[in-house]
Amino acid sequence: MSNLLKSVLVFALLLVVASSTLYVVSETERGVKLRFGRLIEADIQPGLHVKLPFADDVRLFDARVLTVDAQPASFFTVEKKRLIVDSYAKWRIANVETYYKATGGVETVARNRLANRVNNGLRNQFGTRTLHEVVSGERDALMEDITFDLNESVLGSLGIEVVDVRVKRIDLPQEVSSQVFRRMTAEREKEATELRSTGKEKAERIRASADRERTIELANAYRDAEQLRGAGDAEAAGIYAEAYQQDPEFYSFVRSLNAYKNSFSNKGDVMLVAPDSDFFKYLQNQDGK
1 MSNLLKSVLV FALLLVVASS TLYVVSETER GVKLRFGRLI EADIQPGLHV
51 KLPFADDVRL FDARVLTVDA QPASFFTVEK KRLIVDSYAK WRIANVETYY
101 KATGGVETVA RNRLANRVNN GLRNQFGTRT LHEVVSGERD ALMEDITFDL
151 NESVLGSLGI EVVDVRVKRI DLPQEVSSQV FRRMTAEREK EATELRSTGK
201 EKAERIRASA DRERTIELAN AYRDAEQLRG AGDAEAAGIY AEAYQQDPEF
251 YSFVRSLNAY KNSFSNKGDV MLVAPDSDFF KYLQNQDGK
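Quick note: the sequence shown uses the UniProt record's numbering, first residue 1, plus one each step.
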């Protein structure tokens, strides 16, 4: 029993020594080794490593691309227009030794310092550009310039590489937004009025053109109808004349009968005509003489 207890104690002691001697750095980490608080090894690569128990201390840091979300800040453009800018930056540790010495390996310290640098960079870049340029015209160039300037500053001082800087949102101050909204509303109403006026003008032109075409079409139709009617009347007159020439006496007789029929169709009609009038010539004599 005593031998088994000794074996367990020895195994436990070896386990404690191994755990305080061996350590592992993963692929997503970088580390530094301190001996009695003094830096003796920087940028420890991933893998299994050995340290002196109770003398060495290993500090591990996240080596992945991280995000720092800066607080919205107020910046002025070259036109002295104030903007509220919300931005973020992507960064990672580039120099582990510099990073540890500058921040003590505390990620929060690195985030705060980088956020301040980002805001200062945005302030400098916004101060040399117009509102149109920072909003749409030169957004990509602005981000590239800020990223380049930040890397020149933070690589040497913080051991950090800035991968990218982006602006999430650009707002006007509340007191300015109302004025801009009213001005935009007035501009849109003016534009709408102009469009309505242009539309009415075009409508009047189209209506006038349609009325003119209608008048022309009606006139042409009336002309064609009169020509057809005249041609028909001429043809009918020719037919009547030809028929009359074949038997003028019979034609005159038929005309007189129609006149009698129309004149005496109503019993209440009264007509005063001389007995020897030509109107009654066929009533007096069948030959009309």
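Cβ coordinates follow ideal geometry from the N, Cα and C atoms, glycine included.
Compute the Euclidean distance between the alpha carbons of residue i and residue j, then round it to the nearest angstrom.
i           : j      : result
residue 299 : Asp145 : The question about residue 299 has no answer here: the residues shown for the chain are numbered 1 through 289.
Phe148      : Arg82  : 24 Å
Val254      : Asp247 : 11 Å
Ser26       : Ile44  : 10 Å
residue 290 : Leu60  : Absent from the model: residue 290. The displayed extent of the chain is 1 to 289, so no value can be given.
Gly199      : Leu142 : 42 Å
Ala241      : Ala221 : 29 Å
Tyr251      : Ala210 : 52 Å
Arg196      : Arg207 : 16 Å
Ala192      : Ala186 : 10 Å
Arg212      : Asp224 : 18 Å
Leu257      : Thr215 : 46 Å
Glu249      : Glu226 : 33 Å
Ala70       : Leu172 : 18 Å
Gly31       : Arg139 : 37 Å
Val165      : Glu41  : 32 Å
Lys202      : Ala219 : 25 Å
Arg123      : Gly156 : 21 Å
Would you identify the three-state DSSP class for residue i, choosing helix, strand or coil?
i      : result
Thr198 : helix
Ser20  : helix
Ala42  : strand
Glu161 : strand
Phe54  : coil
Thr98  : helix
Gly288 : The predicted position of Gly288 is uncertain, since its pLDDT is 49 and thus under 50; a value taken from the coordinates is nonetheless stated next. Residue state, collapsed to three classes: coil.
Val106 : coil
Arg64  : coil
Lys261 : helix
Leu83  : strand
Arg117 : helix
Val154 : helix
Arg35  : strand
Leu48  : strand
Asp78  : In the sequence on display, residue 78 carries Val and not Asp. Of the three classes helix, strand and coil, the one that applies to Val78 here is coil, per DSSP.
Ala203 : helix
Arg59  : strand
Ala221 : helix
Arg129 : coil
Glu249 : helix
Glu27  : coil
Ala70  : coil
Of all the options the options, which has the alpha carbon lying nearest to the alpha carbon of residue i?
i      : options                           : result
Val58  : Asp86, Glu97 and Arg92            : Glu97
Val134 : Val78, Arg38 and Gln245           : Val78
Leu66  : Ala234, Phe253, Asn119 and Leu114 : Leu114
Lys89  : Asn120, Val32 and Gly37           : Before going on, a small fix: residue 89 reads as Ala here, not Lys. Ranking Asn120, Val32 and Gly37 by Cα distance to Ala89 puts Asn120 first.
Ser87  : Leu39, Lys168 and Glu27           : Lys168
Arg117 : Leu131, Asn151, Thr193 and Phe250 : Asn151
Arg111 : Ala192, Val154 and Gly232         : Val154
Asn33  : Val68, Asp69 and Lys101           : Reading the sequence as shown, one finds Lys at residue 33 and not Asn. The candidate whose alpha carbon is nearest that of Lys33 is Lys101.
Arg35  : Gly47, Asp56, Leu228 and Leu48    : Asp56
Thr130 : Asp171, Lys80 and Arg166          : Lys80
Ile170 : Gly156, Ala42, Val106 and Phe126  : Phe126
Glu107 : Asn124, Ala219, Val68 and Phe181  : Val68
Are the beta-carbon atoms belonging to residue i and residue j less than 8 Å from one another?
i      : j      : result
Thr28  : Lys51  : no
Ala94  : Glu161 : yes
Phe75  : Val85  : yes
Tyr99  : Gly37  : no
Val163 : Trp91  : yes
Does the ligand MG have even one heavy atom less than 7 Å from the beta-carbon of residue i?
i      : result
Lys190 : The ligand MG is not part of this structure, which contains no ligands at all.
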